[in-house]
């Protein structure tokens, strides 16, 4: 019996010289700080920028003069950029970067909120946080599906198709049965079906995994679009009127200021998404299954030598990823909307970006998904207060944030060593 895998290619380390990643990011942050202090400070007004701790204009609020706030937070961004440019210990890179980015966003918000029309110069933090999590939900499920696949050595570009098939199956079978639970199970099976095709062709027949993922996305769009036109459009009451999960309030936790109303009065998908992040993180780094998964994704030959069934692990995890992504798709049709053609709208690819931004770690993927969700929610908020920023720019803000995050902030990241590499056991 012989075992073969595509060998790793050794890459010599690159000497960055003076312009290390930290200094490049610091220079960018310094420029953003100057922009916010000068431009945002000049455009902001002397009205109070109010950040209410509720879901409307009433109640307690954090207030700051718009001009002062824009300049002050701009200066903090400059200080963070200068610190990175001067050179900080590696362990301080992410905290300093985080402070700088948050300060830049706050400077921008001081301008926007203070310049809003009278009566609209407030930001309801509860609504913003709730909206961020709702918009991030499919990204969280999609990114977790990517973690399960790619930690096993299988590239999952088919997240878009898994989410779409889950949304369609949940809507269709939930409508026919009149049960949200039947719809949820159907959504999981729909996502697993796309994953099964990915597993068979990528693992068994060694088809290029990226190409296969794109093909499966197109297949999902075609199949769901065809059935939508033939069934759902002709009889929406029967095939596209699935019941919705109601919100579940958690006693005591729901009364926590700001976070309570935003997080603990949500639906099952919010709680399930956060629970899955915790479970998968513990599973990957604290259990035998996680050790085998990571060994298969890093060095399948060594794992096989120790008795790990490499192909079995990959099949199992790819199917499990489809279940997770399918449930994520159901968060659209069993909680928010009726099904429409191609309703995922590229969220699967943003989930893939969140996976990379989060460094193939469930917790990191969660934070990245929330970042993209906040960008999406911010675009909605700015449109509601009649921002002077063109609506076309607001619509592309989440995708712009995706490009900047992956290309500019992550820098060099290392995927699992065997990710995307076929494994043949003969």
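Residue numbers (our numbering): 1 to 426. Cβ atoms here follow ideal geometry from the backbone N, Cα and C, with glycine treated the same way.
Straight-line spacing of the CA atoms in residue 108 and residue 201 works out to 48 angstroms. Three or more pairs of CB atoms, one per stretch, sit closer than 8 angstroms, so the segment 270 to 280 contacts the segment 361 to 375. With fewer than three CB-CB distances shorter than 8 angstroms, the segment 42 to 49 does not count as touching the segment 78 to 96. Here residue 234 is exposed: its Cβ has fewer than 16 other Cβ atoms, across all protein chains shown, within 10 Å.
In the DSSP assignment, residue 224 falls outside any beta strand (DSSP E) and lies within the alpha helix (DSSP H) extending over 209 to 227. DSSP places residue 52 within a strand segment (E or B) once states are collapsed to three.
By the C-beta density criterion, residue 292 is buried, having at least 16 other C-beta atoms within 10 angstroms. Secondary-structure assignment with DSSP links residue 61 through a beta bridge to 52. Each of 297, 303 and 74 was checked against the Cα of residue 105, and the nearest Cα belongs to 74. The beta carbon of residue 262 is closer than 6 angstroms to those of 126, 129 and 130 in its chain, skipping five residues each way along the sequence. Counted as a single uninterrupted DSSP element, the alpha helix (DSSP H) harbouring residue 128 occupies residues 125 to 150.
Pairwise C-beta distances place the segment 153 to 165 in contact with the segment 206 to 215, as three or more of them are shorter than 8 angstroms.
Counting only runs of 4+ residues, the alpha helix (DSSP H) found wholly inside the segment 228 to 310 occupies 236 to 239, 259 to 263, 268 to 286, 288 to 298 and 300 to 305, in chain order. Per DSSP, the unbroken beta strand (DSSP E) holding residue 423 starts and ends at 423 to 425. Assignment of residue 122 by DSSP, reduced to helix, strand and coil, places it in the strand class.
For residue 179, no alpha helix (DSSP H) encloses it, and the DSSP letter there is neither H nor E.
For residue 20, no alpha helix (DSSP H) segment is defined, and its DSSP state is neither H nor E. The Cβ-Cβ distance between residue 123 and residue 326 does not fall below 8 angstroms. Rounded to whole angstroms, the separation of the alpha carbons of residue 18 and residue 268 is 50 angstroms. Bounds of any alpha helix (DSSP H) do not take in residue 390, whose DSSP letter is neither H nor E.
Here residue 315 carries a helix assignment [DSSP, helix/strand/coil].
When 180, 31 and 162 are compared, the shortest CA-CA separation from residue 196 is found for 162. In the displayed model, residue 88 falls within coil according to three-state DSSP, outside both helix and strand. The DSSP-derived three-state label of residue 399 is helix.
Shown here for residue 348: same chain residues with a beta carbon closer than 6 angstroms to its own, the five before and five after excluded, namely 142, 159, 160 and 163 in chain order. Ranked by how close their Cα comes to the Cα of residue 332, the residues 187, 215 and 82 have 187 in first place.
The Cβ atoms of residue 27 and residue 77 do not sit closer than 8 angstroms to each other. Looking only at 99, 148 and 102, the smallest Cα-Cα distance to residue 315 is reached by 148. Three or more beta-carbon pairs separated by less than 8 angstroms are not found between the segment 296 to 311 and the segment 383 to 399, which leaves the two stretches without contact. The Cβ-Cβ distance between residue 146 and residue 320 does not fall below 8 angstroms. In terms of Cβ geometry, residue 43 and residue 115 form a close pair [threshold 8 angstroms]. Here residue 345 is not near residue 191, since their CB atoms are 8 angstroms or more apart. Judged by beta-carbon spacing, residue 397 lies beyond the 8 angstroms limit of residue 277, meaning their Cβ atoms are not closer than that value.
Pairing residue 297 with residue 418 gives a Cβ-Cβ distance under 8 angstroms. According to the DSSP assignment, residue 419 belongs to no alpha helix (DSSP H), since it is labelled neither H nor E.
Around the Cβ of residue 337, a 10 Å sphere holds fewer than 16 other Cβ atoms; the residue is exposed.
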